[in-house]
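Q: Just passing along the structure, written as structure tokens.
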Amino acid sequence: MTVKIADKELFDMYQSTMAESISDWKRIAKFAKFIDKYADDETIYNRDDLASVIDAILNHETVKLSAPMYRLKMNGMVGSDGQQYVSRRVDDRGGYFICGVRNPRVDRGKITQQFTRDEAEFLKDLLNNSSIENVEE
Numbered sequence: 198m199t200v201k202i203a204d205k206e207l208f209d210m211y212q213s214t215m216a217e218s219i220s221d222w223k224r225i226a227k228f229a230k231f232i233d234k235y236a237d238d239e240t241i242y243n244r245d246d247l248a249s250v251i252d253a254i255l256n257h258e259t260v261k262l263s264a265p266m267y268r269l270k271m272n273g274m275v276g277s278d279g280q281q282y283v284s285r286r287v288d289d290r291g292g293y294f295i296c297g298v299r300n301p302r303v304d305r306g307k308i309t310q311q312f313t314r315d316e317a318e319f320l321k322d323l324l325n326n327s328s329i330e331n332v333e334e
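Quick note on the working numbering: the sequence shown kicks off at 198 and runs consecutively.
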């Protein structure tokens with residue numbers, strides 16, 4: 198199975214780590230800087246990408262860099278759980294909704310805030326108060 202991630206820096210680290218002849222656990226230890234970097238990150242996709250890379254190493258799966266993804270920031274909408282973004286369930290059992298990035302009631306594996314450019318443009322056209330942000334920040 199192939200795991201796709203959006204974070205180029207994380208992908209570059211994955212490639213260089215996999216080229217080394219070391220144990221899987223030593224490979225994972227090399228990602229400590231990303232754990233520190235993403236610990237307080239407001240975006241779900243960074244933590245998801247890191248978890249995907251660690252799982253891929255342990256399960257001997259391949260990691261590939263995915264096409265650029267985008268998110269829709271709801272300008273002026275910041276709640277107690279952070280900046281609000283357009284979100285949707287990953288299982289296609291529901292429409293779009295607005296969700297903060299640090300919402301403790303959300304299972305991060307069940308929603309996404311990442312969209313292709315076409316889907317992001319479509320959603321932006323539907324929403325008057327949104328702007329598209331490139332995921333590769």
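By construction, the Cβ of each residue, glycine as well, lies at the ideal position given by its N, Cα and C atoms.
Cα separation between V332 and S220?
A: Looking at the two C-alpha atoms, the distance is approximately 31 Å.
Q: Grouping DSSP H, G and I as helix and E and B as strand, with all else coil, what is M274?
A: Strand at M274.
Q: Between the stretch 297–304 and the stretch 275–283, can you find at least three pairs of beta-carbon atoms closer than 8 Å?
A: The stretch 275–283 is in contact with the stretch 297–304.
Q: With H, G and I counted as helix, E and B as strand and the rest as coil, what does DSSP make of I251?
A: DSSP places I251 in helix when its eight states are reduced to three.
Q: For N195 and V275, I'd like the C-alpha separation in whole angstroms.
A: Given a span of 198 to 334 for the chain in the structure shown, any question on residue 195 remains unanswerable.
Q: Would the stretch 261–271 count as touching the stretch 216–232 if we require 3 or more Cβ pairs under 8 Å?
A: Contact fails: fewer than three Cβ-Cβ distances are below 8 Å.
Q: First and last residue of the alpha helix (DSSP H) that includes R314?
A: Looking at the DSSP string, the run of the alpha helix (DSSP H) that includes R314 is R314 to L323.
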